[in-house]
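Single-structure report; data block below.
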Amino acid sequence: MFVVTGASGHTGSVVARTLLEQGQRVRVILRDEEKAEPWRQWGAEVVLADLRDVAALAMAMVGARGAYLIVPPPVPASTGVMEACWSVVDSMRRAVEESGLPHFVLLSSVGAQHPEGTGFVKTLYLAERELGSLGRPMTILRSAYFMENWGEGLPAVVDSGVMPDFIAPADRKLHMVATRDVGELAARLLREPTLGRRVLELAGPVEYSPLEVADTLARLLGRPIRVEEHTPAAQVPMLMGMGYSAEVAHLLEELDDAIHHGRLTFEHPIHVVRGWTTLDEVLGNLLRAIGALPYMGEGTTASP
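Take the position in the sequence shown, starting the count at 1, then add 53; the result is the number in the numbering used here.
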C-alpha cells in the first residue's frame, strides 16, 4: 500500500491514479471531505487529515510500502509562510520516524540545493534537509518549472493576445516539465525504493523559452500572441491588487528573480532525467480546459 499526500493537486493526483491503474493499494490524505468521494469510487482509501497533524499522518503511514510527500504551496493571501512550512515539514519528519515508513518520494524543485534566494523553493531545501536527517531511504525528485504554470492568467492572454513574462528574457530557454510526467515518474520511483538517499532531477523533453510558449499558443489558437517582458518586481503590486499577501507576492518575486538571473538551476545538469510530454500537449489541454479550443479527448504520450 502507498500513501499519497497532495492527491487533489497536479502531481499527487497523477501519482495516486497511476498507482491505482497499476493495481496497487493507495491511501490518499485529503483535508476536505468534498474531494474524497471520487477517490473512494476509484478504489482508494481516504484519510482526512491536516498535514500538521503528526498522529494522523503517522497512523496513515503505518504499514505502507512508501509515501509521496509534498510541501503544499501557500494560498495567495497567507502570511507566516515559512513558519507554516516548517510546521508541515516537522510533522512529516516525525510521522515518518514514528510510523517506521521504509521509503518515501519527496517532491522538490530545481534549485533546492540552495538555502536562500529562491523564494518558495527554499522551503524545499528545508524539507530535504530535515527529512534527510532521519537517515531513512528517500528519493528526492527535483522538478523543473511546471509547464502548467503558464495556465495562470491564460484566459486574459487569449483575450488580449499578450502574454506577460516575469521569469526570463523572452528568448532564454528554460527547464520546464509537465506535471503528468512528474506524477508518473514519482509513482514508478515509489515502486522502486532505494537503499539510501537518491536525488533525481527532472526536466521536459527539451527546453523552451517564453517566446516559444507564446509561439506555441499562437499556433494552437491560429492568431498572434505577443510576449510582454517585465521585471520580477513588477508583479508585486499586480499580485497584491489581486488579493495576494505582501509576503507571498515578494516570495514569488524572489523566485522569479532567481529564474530570471539563472540561479535556479539543477545541481547535476549532466544527469537530468527527461520527461516525455511536450509543451504542445500541455498548452493544448490548458486551452481546451478554458474553452479556447474544442475538446478532442486526452492526448496520448509515449512511455518514459
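From the three backbone atoms N, C-alpha and C, an ideal C-beta is built for every residue, glycine too.
- Message: So, does the segment 149 to 164 touch the segment 238 to 245, judging by three or more C-beta pairs under 8 Å?
- Response: yes
- Task: Tell me whether Val134 sits in a helix, a strand or coil according to DSSP, three-state version.
- Result: helix
- May I ask you to list the residues that DSSP assigns as paired with Ala180? Beta-bridge pairing links Ala180 to no other residue.
- Look up Met229 in the DSSP assignment and give the residues it is bridged to. Per DSSP, Tyr198.
- Query: I think Glu306 touches Val289, with their Cβ atoms under 8 Å apart; what is that distance to the nearest whole Å?
  - Reply: The distance from the Cβ of Glu306 to that of Val289 is about 5 Å, consistent with a contact at the 8 Å cut-off.
- Identify the residues that DSSP records as bridge partners of Val99: which are they? Val99 is bridged to Val81.
- Task: Return the first residue and the last residue of the beta strand (DSSP E) that Pro217 is part of.
- Result: Val215 to Asp218
- Task: Measure the CB-CB distance between Arg279 and Val215 and report whether it falls below 8 Å.
- Result: Yes, Cβ-Cβ distance for Arg279 and Val215 is below 8 Å.
- Query: Would you say the segment 172 to 190 touches the segment 204 to 221, given that touching needs at least three Cβ pairs under 8 Å?
  - Reply: Cβ pair count under 8 Å is below three, so no.
- By Cβ distance, which residues of its chain are closer than 7 Å to Arg105, with the 5 residues on each side in sequence left out? Ser140, Val141 and Ser144
- Query: Could you give the C-beta distance for Cys46 and Thr176, rounded to a whole number, given that I count them as a contact under 8 Å?
  - Reply: Nothing about residue 46 can be read from this structure; the chain reaches only from 54 to 357.
- Item | DSSP beta-bridge partners of Gly119 | Answer by DSSP bridge pairing, in chain order: Phe55.
- Message: Taking the beta carbon of Glu87 as the centre, do at least 16 other beta carbons fall within 10 Å, making it buried, or is it exposed?
- Response: exposed
- Message: With a threshold of 7 Å on Cβ separation, who are the neighbours of Leu248 within its own chain once the five nearest residues in sequence on each side are excluded?
- Response: Pro190
- Item | At least three beta-carbon pairs within less than 8 Å, the segment 250 to 260 to the segment 188 to 208 | yes
- Is the segment 106 to 124 touching the segment 57 to 67 in the sense that three or more CB pairs, one from each, lie closer than 8 Å? yes
- Task: For Thr318, I'd like the list of residues in its chain whose CB is within less than 7 Å of its CB, leaving aside the five on either flank, ordered along the chain.
- Result: Val163 and Gly164
- Kindly indicate which residue of Leu340, Arg93, Arg244 and Val259 has the alpha-carbon position closest to the one of Tyr198. Val259
- Task: Could you round the C-beta distance between Ile82 and Val100 to whole angstroms and report it? I think they count as a contact, below 8 Å.
- Result: 5 Å
- Straight-line CA distance for Arg327 to Leu73? Taking the straight line from one Cα to the other gives about 24 Å.
- Task: Give the range of the alpha helix (DSSP H) segment to which Arg316 is assigned.
- Result: No alpha helix (DSSP H) holds Arg316; DSSP gives it neither H nor E.
- Message: Once DSSP output is grouped into helix, strand and coil, what is the label at Ile323?
- Response: helix
- Are there 16 or more other CB atoms within 10 angstroms of the CB of Thr353, so buried, or fewer, so exposed? For Thr353, the pLDDT reaches just 38, beneath the cut-off of 50, and the residue's location in the model is therefore unreliable, leaving the point undetermined.
- Query: Which residue or residues does DSSP assign as beta-bridge partners of Ser186?
  - Reply: DSSP lists no partner for Ser186.
- Query: For Ala256, which residues does DSSP report across the bridge?
  - Reply: Ala256 is bridged to Arg327.
- Item | Run of the alpha helix (DSSP H) containing Arg341, from where it starts to where it stops | Element bounds for Arg341: Leu332 to Ala342.
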